[in-house]
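In this text, residue positions in the sequence shown follow the working numbering: the first is 2, and each later residue adds one. Below you'll find the structure, written out as structure tokens, and then a few comments.
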Amino acid sequence: MSSPISQRVSDIQPFRVVEMLARAKALEAQGRDIVHMQAGEPDFTTAPAIIEAGMAALARGETQYSDANGLWSLRQAIADYYRSDYGVDIDPKRVMITPGASGALLLITALLVDQGQSVLMTDPGYPCNPNFIRLMEGESQLVPVGPEHDFQLTADLVRQYWRRTEDGQPLTVAALVASPANPTGAALSQEALASLLAAVDQQGGQLVVDEIYHGLDFRPAGTERAVTSIVELTDQAFVINSFSKYFGMTGWRLGWLVAPEWALPGLEKLAQNLFISMSTMAQHAALQCFTPATRQLLDARRDEFQRRCDLLLPALEAMGFIIPHYPEGGLYIYADISGFNGRFGADSQAFCHCLLEEHGIALTPGADFGDYRSETMVRFAFTTSIERITFAIEKMQRIFMV
Ligand SMILES: Cc1ncc(COP(=O)(O)O)c(C=O)c1O
């Protein structure tokens, strides 16, 4: 008998980071002490003012659907944020609230991708991206990128990989990048973004930039933002962002997109049908993200992530890990284990297994982010306290420096 499960679902890969978390939790349930360096979410609880605003919204009875595009006041607050932090005026109409960056990815891929069409993206990259494309009956074109490309798509790679039919019809319709990226923390400079934009434009395609790690960009002391947003260069690209990472609201499931004007009716139609509304109380809570007091707290948390990275990165290098790209932001260090010559497992999967099962340190193997050189790569997430990171460093020094 044939399977009742659709082919597209059979083709979709499980989100292995979540499986790793489940294994780490199972070991904890057996009484083991596990250092969690696999989780892709801030370990801080949502800022108290945001939680209070959420509770106040519930107490006021804000429990009904909101507009499919999101609360107007929140869309305005996001437009104000682009003005204050990026110096760019955006019509709040172009901002749509979504259920996390995940919801934005769903809307944008559904809008742009027809059956058989493809989207360029990096390998390594965020593991769910290819699955969104598969869901749309499209194809992801994974472009291998290493340190020689700063782990990002370049204009040359766009020209090299863009596909057309023999009679010149585009098969590739978009390029999707994240800046700073997961798992590498690699950010596109203003120049790199501009040339990528020009190359995609030249092919007649769309550029989608996932800026979910903006706000968590690492800054030399006393300097302002260290990353460029695509909104500074054009009003014709798609921007994905989220309340999950810098704003620390992963479980509230709230994000946003900024779209070109022509795309809005299509996106709205999709949002109405797929979501009807985002969580109304979560949106009221998110309005608190932009107050000076909350921003101050979130910036202090960002500085803490930077301190953790500054502690972990040189310690890993001293142990023999190779860090091919120093992160410009985000929550991760992508590290090469080839210097250990297979002493702790034949590949990064076995290495992570060994570290978790034998030493109680949970990492994510490179295979979760693609195929390209992934067998020698692991991702460290510095989403645990300085004390726990120090504890893990001391443990690893005893394992690797003998
Ligand atoms: C690059 C990237 N995009 C999107 C997401 C999805 O985030 P969310 O749906 O929580 O906003 C993640 C989560 O880790 C991510 O790393």
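No residue lacks a Cβ here, since even glycine has one placed at the ideal position from N, Cα and C.
If you draw a straight line from the Cα of G205 to the Cα of V159, it is about 12 Å long.
For M279, there is no enclosing alpha helix (DSSP H), as DSSP marks it with neither H nor E.
Residues L28 of the same chain have their beta carbon placed closer than 8 Å to that of E358, with the five preceding and five following residues left out of the count.
If you ignore the 5 residues before and after L288, its C-beta comes within less than 7 Å of the C-beta of A54, S74, L75, A78, all in its own chain and listed in chain order. The three-state secondary structure of H326, taken from DSSP, is coil. In this structure V144 is in contact with L121, their Cβ atoms being roughly 6 Å apart against a cut-off of 8 Å. C-alpha of Q307 to C-alpha of L299: approximately 12 Å in a straight line. Here DSSP, grouped into helix, strand and coil, assigns Y162 to helix. Inclusion of A179 and D202 in the CB contact set at 8 Å is not warranted, their separation being larger than that value. Each residue's CA atom was taken as its position, placing E329 and F352 some 26 Å apart. The residue among V209, L275, G343, I98 with its C-alpha nearest the C-alpha of A80 is I98. Within 7 Å of the C-beta of T391 there is not a single heavy atom belonging to ligand 1. Remark: C-beta atoms of S339 and S375 do not approach each other more closely than 8 Å. Membership of W73 in the alpha helix (DSSP H) is indicated by the continuous run 73-87. Runs of the beta strand (DSSP E) lying entirely within the segment 217-255, each at least 3 residues long, are 239-243 in chain order. For ligand 1, no non-hydrogen atom lies closer than 7 Å to the CB of G216.
Shortest gap from the CB of G101 to any heavy atom of ligand 1: under 7 Å.
Look at P293 here: in three-state DSSP terms it is helix.
Counting other Cβ atoms within 10 Å of its Cβ, F370 reaches 16 or more and is therefore classed as buried.
Straight across, the Cα-Cα distance linking I362 with L356 is about 5 Å.
V209 places its beta carbon 8 Å or farther from that of R95. At a cut-off of 7 Å, the beta-carbon of Y335 does not count as near ligand 1: no heavy atom of the ligand is closer than that.
For Q39, the number of other beta carbons within 10 angstroms of its own is at least 16, and it is reported as buried. Rounded to whole angstroms, the gap between the alpha carbons of G321 and L364 is 16 Å. For I79, the CB stays at least 7 Å from every heavy atom of ligand 1. At least one heavy atom of ligand 1 sits closer than 7 Å to the Cβ of N183. In the DSSP assignment, Q191 falls within the alpha helix (DSSP H) that extends over 191-203.
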